[in-house]
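A.B. asks:
Residue numbers (the working numbering): 203 to 381.
1. Measure the C-alpha to C-alpha separation of residue 328 and residue 265 and round it to an integer number of angstroms.
2. Check for me: the alpha helix (DSSP H) holding residue 230 runs from which residue to which?
3. Count the other CB atoms within 10 Å of the CB of residue 297; is the residue buried (16 or more) or exposed (fewer)?
4. Please give the ranges of any beta strand (DSSP E) in the segment 301 to 330, keeping only runs that are unbroken, at least 3 residues long and fully inside the region.
5. Could you tell me which of 351, 320, 368 sits nearest to residue 228, measuring between CA atoms?
6. Please work out which residues of its chain come closer than 8 Å, Cβ to Cβ, to residue 311, disregarding the five sequence neighbours upstream and downstream, and give them in chain order.
7. Using a threshold of 8 Å, state whether the C-beta atoms of residue 253 and residue 218 are closer than that.
8. On a Cα-Cα basis, can you pick out the residue from 356, 286, 324 that is closest to residue 268?
9. Taking the continuous beta strand (DSSP E) assigned at residue 336, which residues delimit it?
10. Within 10 Å of its beta-carbon, does residue 307 have 16 or more other beta-carbons around it, so buried, or fewer, so exposed?
11. Is residue 251 near residue 285, with beta carbons less than 8 Å apart?
12. Roughly how many angstroms separate the alpha carbons of residue 272 and residue 339, rounded to a whole number?
13. Looking only at C-alpha atoms, which of 216, 275, 223, 207 sits nearest to residue 351?
14. Which residues mark the beginning and the end of the beta strand (DSSP E) in which residue 292 is found?
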C-alpha cells in the first residue's frame, strides 16, 4: 500500500517547537483503506507536532460527522465523532511500532507518515452500536420499527402473573418481609 503524500510530514526541516497540520477527511480517504461503512464523511483532523531535540510528540484530534446506517433500522443518520490520541516518536536502531503510544523509527529517517494513525483514530471513535437518535427518543417513524414492535413478545399483566404463581413461593416471600 503506497502512502498518501498529504499525510507524510517531513520533520527534518522543521524548527524545534510546535507545528500545526490540518486535514479535511472525506470518503476518498476511506476508499484508500477499502473501508466502506461510511455513506459520507465530513471530518477535520488537527495534528500538533512538537519537535524536541531527541524525539517528536504528536497530538491528534478529530471532530466532525459521518453518515452511517443504523444497526436497528438501517436508516442513514449523521453520527458525530470526536476523539484524541497522543503519539511519541523516538529514534532507534530499527523500526518498531509494537507499543501503541510509542513509535520507534531508524536514526536516518527524515519524515513520518501518519495516515494509519488518522484512520485508526476515526474508526475507533465510532460507537460499537450505531443507533439512530430517533430510535432512542421514539421520534423515528420506520416500517422496520413497526414490524419489530409487532413481532416482539408481549409482556403479561402483573396481576395475571401473580395469580399463576405456585403457592409454595408465597411462604418464601414472607421470609423477605419478616426482617
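Positions of the beta carbon are idealized from the N, C-alpha and C atoms, including for glycine.
C.D. replies: On the basis of the supplied data:
1. Near 12 Å, if we compare the C-alpha coordinates of residue 265 and residue 328.
2. Taken as a continuous stretch (DSSP letters only), the alpha helix (DSSP H) holding residue 230 covers 229 to 234.
3. exposed
4. If only uninterrupted beta strand (DSSP E) runs of at least 3 residues are considered, those enclosed by the segment 301 to 330 are 304 to 308, 313 to 315.
5. 320
6. 293
7. yes
8. 324
9. Residue 336 -> not in any beta strand (DSSP E); alpha helix (DSSP H) instead, spanning 335 to 339.
10. Flag for residue 307 reads buried.
11. For residue 251 and residue 285, no; Cβs fall outside 8 Å.
12. 14 Å
13. 275
14. Element bounds for residue 292: 278 to 294.
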